[in-house]
Amino acid sequence: MIKELLVKEELPKDLEQGAVILEFYSKTCGPCKMLGFILKDMDKTYGDKIKIITVDFEANPDLVAQYKIEGYPTMIMFKDGQELSRKTGLQPKPVIAKMIEEAI
Amino acid sequence: MENRVRYRFYEHLITRQAKSEAAMLKEFAQGDYTMENPLIKYNPYFVNNLAAVMLFRTEEEVAVTIRVVGKTKEADISHTFPRAKEHVIPILGLYSNYDNKIEVYPYQQYSKKCVHTITTPKVAGADLVKSMETTPEYLQDNVIFLCPAVNDLAIAVDYAGDVRLNFTVPMVWDIKRLPNGNLMLGSERLLKMPYFVSGIYEMSAVGKIYREYRLPHGYHHDQVCLPNGDIVALGSDFDNGTVEDTCLVIDKETGHVKRTIYFKNFLKPGSQKSGSWSDEDWFHCNAVWYDEASNSLTFSGRHINAMVNIDFDTEKLNWIISDPDRWPEEYQKYMFKIVGDGDFDWQYEQHANLITPLGDVMCFDNHHYGAQDPARYLAPNDSFSRGVKYRIDVDKMEIEQLWQYGKERGKDFFSPYICNVIYWNEGYYLTHSGGIAFDGEGNASAELGPFAQLDDPSVTLESITVETINDEKVLELTVHSNYYRANKFTLYAKEPGQNNLTLGAGQLLGRLGETPQMEIEIPAEDTGELIPARNEVRVSDELDMLTFEAKFEKGQLVMLLLESEKETRRYFISTAKGKRGAMCTGTFLPEDDRDTRTVITKDGLDGDYRISVIIDDKKYDTGVTIKA
């Protein structure tokens, strides 16, 4: 399942359980647009095992600071609330798949 | 429809050189060339425009001496070539913009000398030297060779500060001389921005390339030759989405990768983070050293502020030289405790580590940021850079600082990136601070040289190379540019049996590896049109790769498509803004940040491929078809 973060207060609860990719993106970023297509594709394969939450980098400076995001796109892989890994920049499908496999 | 795409097929330098050499030898075979009337070919290998080749025959088999007459007697460069009747002699050490006199005579028969003139044009590197302080007695016919870090290319400088070698091709990274006299230097063929090149050239100073050792997914920074001749070269773990965190053991004869060492197997990524750290470039290995006595490899990890030593066979971690602050507990047992009464500083974001014959460890300590804790980072004006030597006791895990040079010069010697040290003997060292940059007000620049140069026209770059013997300075070379590393050697390889020029076509060894695809289809309307002229597309085709260059607006979604009858391959073109924390050679950086450069290797391709491009939601043709 992919969802855009709309209510910040819900994020801690969303991250609490299971495998979650938190993706910070910008609407003005080519690699972010590309990553959006890849995450949709990942969702087809792993949608029943992971959640993907996308966060607008510009609209959420507090979350950017909280999660120490230095650039976009950035993906953070969470498992039961714990950060397992993070990747900055566009990543090819196999790298993202590996990141997910390590979390589920 | 007007074709707005510029297409060109580029022959590999090895191929171009083979053709040029064959033409030169054909001309030689057809003429009556003697010592008095030789055939002289200026820069026949296109690489060193302060070099030439002289060809002639003698009736008897004789050894021949040539002398490139210096501007002073001490600046002469001479060499004697083995006995032969047909002489094909590289002429090295010409001056720029000068009527160079070349004396040639049978060995030890100076009275029979013939003098020829080679007139050279002014070369690009001729005015880069600011000063050279040394003596001809000290430097003799050695030159200081400087490898590029920005868009000034490799040069070599003699005792008088004159440039005697000037490369016209952006060959980058460290240069080393092999036991056979040949030089090893990174190729000019950019495989991935900002500086991953296709491989390593084995070549002569005249510019002739004998081999390109191609590396899967590119080569960067450094290589070292093992006692059996194999090469250990630095690479990247592209399958993991990271860079500069592997090394490859390359078979000297075949170029095949015998083994890949993944740094994540002995060190957890993110265990330590220097000021320039990033997820992708978590280690940033800028040097590799093989120590025969301990059969170990030592890697310099700029982005972990550490020199890391592993066993060559088992790949197990032996030790880490780093400020222990903020390292996880599991690595503390590999760290050293400071002993001794003298001055001691840990190194930060260091380069060019090496092990001396006594087992001491040296490096260039850039001292960039100067702390593990971000709260204690040093500003560039308050920092320093230096060459440093540590003595380590691996039984007691103790470390003592034995020597340093450069700290006392403060910001004037501060390089936040690149640089090296060389051990010549005990107490005899070269220290090269090649990445100095000052802003218009004389402050040490917080930006790395290549970025600083692009962003601020008032920035000045400097490179300072110093040699010391028992702490006494015997040489200081200052150049108006940044240079990655320095080395010192004679232009001619002079040891018995060493090579200066071998005829015959060079070889392409190894593989470039298959360029990863995006494997995602982007919905796009096929316009049936050529890509707009404003994108300024250029396609450079080569035997084993193609380079697609174009201008795109930042933030556009761009995908390159290679379509054949059998398949469609998709490659993402990044239009992202942003600067890397490391830019060890900015030689390939574009001035316009809308310029993109994407390289696709031909590994895995088969047949004819039509090139098209998706920009956001529209697909455009380029009118170009390539063969693989």
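Here the protein sequences come in this chain order: V and H. Taken in order, the first sequence gives residues 4 to 107; the numbers are from the numbering used here. Taken in order, the second sequence gives residues 18 to 645; the numbers are from the numbering used here. Beta carbons: idealized from backbone N, C-alpha and C, even for Gly.
Item: Using the C-alpha atoms, what's the distance from K96 of chain V back to I548 of chain H?; Value: 28 Å
Item: Listed in chain order, which residues of the region 15 to 27 of chain V have Cβ atoms closer than 8 Å to some Cβ of chain H?; Value: none
Item: Could you confirm whether any beta carbon from chain V is found closer than 8 Å to the beta carbon of L574 of chain H?; Value: yes
Item: Quick check: does the Cβ of P55 of chain H come within less than 7 Å of any heavy atom belonging to the ligand ZN?; Value: Inclusion of the ligand ZN in the displayed structure is not the case, the ligand content being empty and no account of it being possible.
Item: Contact defined as beta carbons within less than 8 Å: I believe C436 of chain H pairs with V405 of chain H. What is the distance between those atoms, to the nearest angstrom?; Value: The Cβ separation is near 12 Å, so there is no contact.
Item: Determine the direct distance from the alpha carbon of D191 of chain H to that of A323 of chain H, and round the result to whole angstroms.; Value: 20 Å
Item: Cβ of V575 of chain H within 8 Å of Cβ of F565 of chain H?; Value: no
Item: Hey, C3 of chain H and V186 of chain H are a contact pair by Cβ (cut 8 Å); roughly how many whole angstroms apart?; Value: Outside the displayed span of chain H (18 to 645) sits residue 3 of chain H, for which this structure offers no information.
Item: In angstroms with no decimal places, state the Cα-to-Cα distance between E415 of chain H and I338 of chain H.; Value: 10 Å
Item: From the DSSP output, in three-state form, read off Q524 of chain H for me.; Value: strand
Item: Select from the region 249 to 268 of chain H all residues with a C-beta closer than 8 Å to any C-beta belonging to chain V, and list them in chain order.; Value: D256, N257 and G258
Item: Can a CB atom of chain V be found closer than 8 Å to the CB of M220 of chain H?; Value: no
Item: Is there at least one Cβ from chain H nearer than 8 Å to Q69 of chain V's Cβ?; Value: no
Item: For a contact defined as C-beta to C-beta under 7 Å, what are the partners of A593 of chain H on chain V?; Value: C32, G33 and P34
Item: Write down every uninterrupted run of the alpha helix (DSSP H) in the region 90 to 160 of chain H whose length is 4 residues or greater and which is fully enclosed by it, in chain order.; Value: 153 to 156
Item: Any idea if D254 of chain H is buried or exposed, counting beta-carbon neighbours within 10 angstroms, 16 or more meaning buried?; Value: buried
Item: Could you pull out every residue in the same chain whose Cβ sits closer than 7 Å to the Cβ of I327 of chain H, ignoring the five residues on either side in sequence?; Value: F283, S313, L314, K333, L334 and N335
Item: Restricting to runs no shorter than 3 residues, where is the beta strand (DSSP E) found entirely within the region 55 to 84 of chain H?; Value: 56 to 59
Item: Hey, T448 of chain H and V483 of chain H are a contact pair by Cβ (cut 8 Å); roughly how many whole angstroms apart?; Value: 5 Å
Item: List the whole-angstrom C-beta distance separating C35 of chain V from Y75 of chain V, where the pair is believed to meet the contact cut-off of C-beta under 8 Å.; Value: 6 Å
Item: Between A166 of chain H and G178 of chain H, what straight-line distance do the alpha-carbon atoms span, to the nearest angstrom?; Value: 20 Å
Item: Less than 8 Å separating the beta-carbons of F455 of chain H and R426 of chain H?; Value: no
Item: For I5 of chain V and I172 of chain H, I'd like the C-alpha separation in whole angstroms.; Value: 55 Å
Item: What does DSSP give as the partner residue(s) for I355 of chain H in the beta ladder?; Value: H:I416
Item: Counting contacts by CB-CB distance shorter than 8 Å, is D44 of chain V in contact with chain H?; Value: yes
Item: Closer than 8 Å, CB to CB, is G50 of chain V near chain H or not?; Value: no
Item: Is there at least one Cβ from chain H nearer than 8 Å to L93 of chain V's Cβ?; Value: yes
Item: From what residue to what residue does the beta strand (DSSP E) around R33 of chain H run?; Value: From DSSP, R33 of chain H is part of no beta strand (DSSP E) but of the alpha helix (DSSP H) over L30 to Q47.
Item: Out of H:R587, H:Y227, H:L529 and H:W294, state which residue places its alpha-carbon closest to the alpha-carbon of T32 of chain H.; Value: H:Y227
Item: Could you tell me the distance, in whole angstroms, from the CA atom of P513 of chain H to the CA atom of A503 of chain H?; Value: 25 Å
Item: According to DSSP, simplified to helix, strand and coil, what is R343 of chain H?; Value: coil
Item: Leaving out five residues before and five after D390 of chain H in sequence, what residues of the same chain have Cβ atoms less than 8 Å from its Cβ?; Value: D342 and R343
Item: Considering only residues of the same chain and omitting the five flanking positions on each side of I161 of chain H, which have a CB-CB separation below 6 Å?; Value: V174, T482, L494, A503 and K505
Item: Within the same chain, show all residues whose beta-carbon is closer than 6 Å to that of A469 of chain H, passing over the 5 residues directly before and after it, in chain order.; Value: A454, S462 and V476
Item: Does DSSP put P34 of chain V in a helix, in a strand, or in coil?; Value: helix
Item: Would V105 of chain H be called buried (16 or more neighbouring beta carbons within 10 Å of its own) or exposed?; Value: buried
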